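The sequence shown begins at 39 in my numbering and counts up by one.
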Amino acid sequence: MKRITIALLLILSQVAFGRQASASGTISGRVVDKGSNETLIGVTVWIDGSTNGTSTDIDGKFNLNVPPGKYNVAVKYFGYNPKTLENIEVKENETHEVSVVLEPSVQQLTEVTIVADMKREIASSVLLMQKRSAVVQDGISSESIKKTPDKNTGEVLKRVSGASLQEGKFVIVRGLSDRYNLAMLNNTILPSSEPDRKAFSFDLFPSALLDNLFILKTASPDLPGEFAGGIIQLNTKDIPDKGFIGLTVGTGMNTNSTFKNYSTGPTGKTDWIGVDDGTRALPDGFPSSAEYKKMTQAQKFDYSKQVTNDWGVQTKDNSPINTNLQLSFGDQMNVGKSKFGYIGALTYNRTAKTQSVARGDFDFDGSARYDYLDEQYSDNVLAGGILNMTMKFSDNNKISLKNYLSVNSENATIMRTGDDIELQQEKQSNALQYTSNVLFNSQLAGELFGSASPNYAGKFYSSLDEKIYNAGVDFSVPVKIFKKNATVKFGGSEQYKDRTFDARVLGYVIPNPGTFNYNLLVSSQDTLFSENHIGTKGFRLDDITNPSDHYTAHSNLHAGYVMMDNSINKWRIVWGVRVENFIQKLNSFGYSNDTIQVDRNYLNVLPSVNFTYALTEKTNLRASAFQSVSRPEFRELAPFSFYDFNTSTSIQGNEELSLTKINNFDLRFENYPTVGEIYSVSFFYKKFIDPIEQIVESSGAGSRSVTYTNALGATNVGVEAEVRRKLDFMDGMLSWKYWSKFTIYGNVALIKSTVDKSNYLRATEDRPMQGQSPYIINGGLMFNDALSGFGFNVVYNRIGRRIFQVGNEGYLSIYEAPRNLLDLQLSKTFMKVGEVKFTIGDIFNNASVFYQDQNDNGKYEAGSDSRIASITSGTNYSLSFSYKF
């Protein structure tokens with residue numbers, strides 16, 4: 039059987055068989071299969087007797103620009119009888135529309151190579167890219183994203199087969215926690231966004247700026263070798279075929295917060311854009327930690343008065359409604375003999391959220407340590423922008439510049455009440471926390487935190503500055519092997535990463551207990567540390583910064599690879615080897631001011647092979663095997679200890695961590711019945727050597743400590759199944775004209791993992807790997823009627839229970855219980871350029887429950903198990919209006 043090759047280019051709207059003359063009329067049409075009425079992609083269409091031609095897009099449509107006159111239009115497609123439409127008359131400034139129906143041919147055609155523009159933002163394109171990929175991958179398009187209430191990329195990722203979301207922003211793939219996954223933006227590796235874990239926070243990206251996203255689940259030599267779960271590839275919007283301006287305005291409410299009372303601390307003038315204006319920072323000229331500790335008490339009083347008294351918490355009426363704004367624009371134009379295109383977008387979301395959180399902690403025997411109730415109000419800003427530009431010199435030569443900016447901030451106020459049972463005290467404490475994450479182009483990131491200590495009044499500041507520089511080159515050379523076409527691809531890359539981390543910890547103390555005015559302790563929170571309460575009869579700031587609160591680190595990654603891409607009859611084999619040399623250094627201090635130096639040099643040879651066998655034109659059988667690694671992140675090595683007020687947990691690194699090696703095996707069956715449909719089943723097996731885990735244990739006084747360690751080994755095995763199918767097959771059973779407008783879709787993953795903990799000094803219960811759920815379920819029903827413009831989408835998500843934090847001696851693991859998540863979206867288009875959407879998110883509003891399984895029965899039982907936290911977030915309602923000019 040002959041084959042058809044489709045080359046996918048970022049910017050290419052038509053096949054140029056020759057330079058077209060200036061056109062004043064258009065022939066447009068749609069090509070379909072006679073038997074199934076399915077649209078045909080990549081059909082060659084041209085003016086007979088000329089070099090003016092094009093090919094059909096993903097919807098089977100084409101356009102030919104010609105001068106006025108009569109023409110014969112020739113149509114040709116692999117596996118179909120050619121066809122010629124005769125005497126098509128074109129008039130000036132008019133479009134002549136035609137419909138082309140092709141009949142399948144029993145004869146074989148010669149090989150045809152077609153260069154076509156791939157509209158990567160629609161669901162059928164994502165499935166086509168998935169079908170033609172050398173590696174196993176699953177994805178989702180912006181077309182599908184728009185039909186869900188998902189505002190950020192983290193929420194989107196939980197819809198992808200085998201993926202789930204943790205803490206609202208960290209992605210688990212195939213049961214493997216965030217540290218075993220890799221994030222990429224437009225083929226560039228993204229840094230860890232978190233100062234306290236090896237992870238990327240996917241809530242940084244507004245979903246409206248995505249063209250599509252994929253999770254690559256197997257490796258090839260031209261991909262980075264540091265992953266085991268998946269490579270999450272984010273792709274921003276591409277250059278449009280024609281000019282446009284789009285505007286979306288939306289609003290929303292939450293049943294827990296909107297129009298209700300809320301508490302908030304002081305705010306800055308630029309909080310509305312997600313960036314602190316300096317309100318929360320230490321004053322200019324405030325001495326360093328070392329200088330402050332050497333000062334006299336009088337000098338410390340002076341500087342204590344300079345620190346902003348921002349402790350006040352105000353209760354306000356009517357939490358504001360949520361805001362959603364988006365502006366997008368783009369165009370193409372001729373520049374001499376070249377084409378220049380651009381696309382830009384700005385998106386802004388501001389959300390007010392109130393959560394009720396019941397928190398507790400327990401000893402190994404189940405006796406309670408504390409029982410708290412947190413009322414947490416947060417003001418969240420998620421904003422972003424892209425500006426992508428491309429200069430296209432010819433079909434095969436172009437230069438692109440892609441720019442991305444995102445801002446994600448949270449201004450949180452936590453009001454805590456309850457009982458400290460261990461200390462036999464009633465608890466009333468507050469925390470004011472402001473976090474701002476900024477990601478721009480070359481992945482520069484900055485963070486600022488401010489929070490109170492759980493036991494005394496204090497201020498915590500931290501800054502993380504990380505720069506990443508990437509460079510790479512790839513070459514592809516066509517060759518003949520045993521008279522068959524093949525491709526040799528080889529290349530290399532360099533990555534340099536540099537990080538500086540600094541923290542500053544200040545706490546208010548009573549300098550002279552003998553002269554202290556104890557009446558001050560009944561002052562309101564907003565006046566307690568005012569300037570007139572600083573002095574010998576009041577308070578002063580102490581600097582309790584530790585030597586470990588600062589570290590510097592850098593790493594170099596040198597990589598090279600060679601890869602073969604062979605096609606032999608129905609077989610495609612992509613195989614080769616990647617070599618990575620990773621050099622990592624970190625410098626810091628221990629609590630006793632002892633020097634800590636990490637100096638690692640890893641050389642890893644990572645082979646991989648991907649087999650694809652085309653059972654039919656619509657069905658593939660895939661098999662793959664590859665080796666990969668997972669290296670300790672800077673934060674996992676650093677001795678710095680961070681206290682999380684929310685969970686009463688201290689997080690500290692371990693400089694003794696070693697690299698993890700993983701052997702991976704995959705088998706997949708996939709069938710694409712028609713455009714936009716899929717059936718697939720995947721099996722996978724992974725063997726870990728020295729996996730890195732995060733473990734938790736009690737540290738007394740109602741708090742927990744978390745660190746990292748290497749287990750001896752682990753295995754991870756599972757099966758994934760996905761289906762996306764139109765319901766037009768129901769016509770044969772129940773005649774109804776609307777069946778073809780329904781699409782049912784969903785995916786299920788069943789996963790089992792086992793950890794070998796025999797090298798742990800303090801091993802606990804047998805358990806799976808951290809973050810692994812025994813099952814993941816996604817499902818939905820979509821309706822879309824192009825004639826009326828009405829549509830709806832119902833989406834369901836559920837994951838099985840998983841370990842949130844791994845336990846250790848004397849402290850049981852903390853599990854996250856399953857919860858049902860159901861979303862609904864209704865939409866109505868009008869005049870082909872406008873759309874109204876109404877969305878209900880988290881209809882069931884199930885609480886997120888974290889617990890210790892005291893009776894070890896595999897499920898949460900309120901009367902028997904120890905509830906660590908129960909979080910209720912409310913149901914979200916939103917309404918938006920979009921218009922494209």
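Heads up, the beta-carbon is just placed ideally off N, CA and C, and yes, glycines get one too.
Everything numeric in this text was worked out from a predicted model, so none of it was measured.
- Cβ-Cβ separation between residue 215 and residue 690: approximately 18 Å, too far for a contact (criterion under 8 Å).
- Around the beta carbon of residue 462, a 10 Å sphere encloses fewer than 16 other beta carbons of the protein chains shown; the residue is thus reported as exposed.
- 7 Å or more divides the Cβ of residue 177 from the Cβ of residue 218.
- The alpha carbon of residue 141 has as its nearest neighbour, out of 430, 109, 118, the alpha carbon of 118.
- Nearest C-alpha to residue 197 among 917, 786, 893, 170: 786.
- Distance from residue 666 to residue 621 at the Cβ level is roughly 19 Å; contact not present, criterion being Cβ atoms closer than 8 Å.
- A straight line joining the alpha-carbon of residue 755 with that of residue 202 spans about 16 Å.
- Taking residue 830 as the centre and dropping the five residues before and after it, the same chain places the C-beta of 821, 864 closer than 6 Å to its C-beta, in chain order.
- According to the DSSP assignment, residue 269 belongs to the beta strand (DSSP E) that extends over 268 to 274.
- DSSP places residue 723 in the uninterrupted beta strand (DSSP E) bounded by 716 to 727.
- Residue state for residue 330 is assigned as helix, using DSSP reduced to three classes.
- Assigned with DSSP and collapsed to three states, residue 756 falls in strand.
- Residue environment: residue 511 is assigned as exposed (fewer than 16 neighbouring CB atoms within 10 Å of its CB, all protein chains considered).
- Under DSSP, no beta-bridge partner is assigned to residue 335.
- Residue 381 and residue 870 have their C-alpha atoms roughly 21 Å apart.
- CA-CA distance, residue 98 to residue 72, rounds to 13 Å.
- Around residue 250, the same chain offers 158, 159, 164, 177, 178, 179, 180, 273 as residues with beta carbons nearer than 7 Å, after the five sequence neighbours per side are excluded.
- For residue 769, the closest alpha carbon among the candidates 779, 761, 760 is that of 779.
- Membership of residue 257 in any alpha helix (DSSP H) is not indicated, and neither H nor E is assigned to it by DSSP.
- Between residue 758 and residue 213 the beta-carbon gap is near 11 Å, outside 8 Å, which marks them as no contact.
- The segment 203 to 239 is shown to contain no whole alpha helix (DSSP H) run of 4 or more residues.
- Apart from the 5 residues on each side of it in sequence, residue 642 sits with its Cβ closer than 6 Å to the Cβ of 618, 667 in its chain, given in chain order.
- The three-state reading of DSSP puts residue 766 in helix, counting H, G and I together.
- Within a 10 Å sphere around the beta-carbon of residue 581 sit 16 or more other beta-carbons, which makes this residue buried.
- Between residue 747 and residue 733 the beta-carbon gap is near 6 Å, inside 8 Å, which marks them as a contact.
- Counting only runs that start and end inside the segment 614 to 682, the alpha helix (DSSP H) elements of at least 4 residues fall at 672 to 675.
- Close CB contacts of residue 627 within its chain, under the 7 Å cut and outside five residues either way in sequence, are with 585, 586, 633, 634 (chain order).
- Linking residue 777 to residue 651 through their CA atoms gives a straight-line distance of about 33 Å.
- Around the beta carbon of residue 521, fewer than 16 other beta carbons lie within 10 angstroms, which makes this residue exposed.
- Between residue 110 and residue 123 the beta-carbon gap is near 7 Å, inside 8 Å, which marks them as a contact.
- Assigned with DSSP and collapsed to three states, residue 349 falls in coil, not helix or strand.
- Within the segment 366 to 426, the complete beta strand (DSSP E) runs of at least 3 residues fall at 376 to 400.
- Remark: C-beta atoms of residue 828 and residue 866 approach each other more closely than 7 Å.
- Beyond the five residues adjoining it in sequence on each side, residue 284 comes within less than 8 Å, by CB distance, of 364, 365, 366, 367, 920, 921, 922, 923 in the same chain, given in chain order.
- Ranked by how close their Cα comes to the Cα of residue 298, the residues 271, 355, 345, 254 have 355 in first place.
- By the criterion of at least three beta-carbon pairs nearer than 8 Å, the segment 497 to 510 is in contact with the segment 525 to 544.
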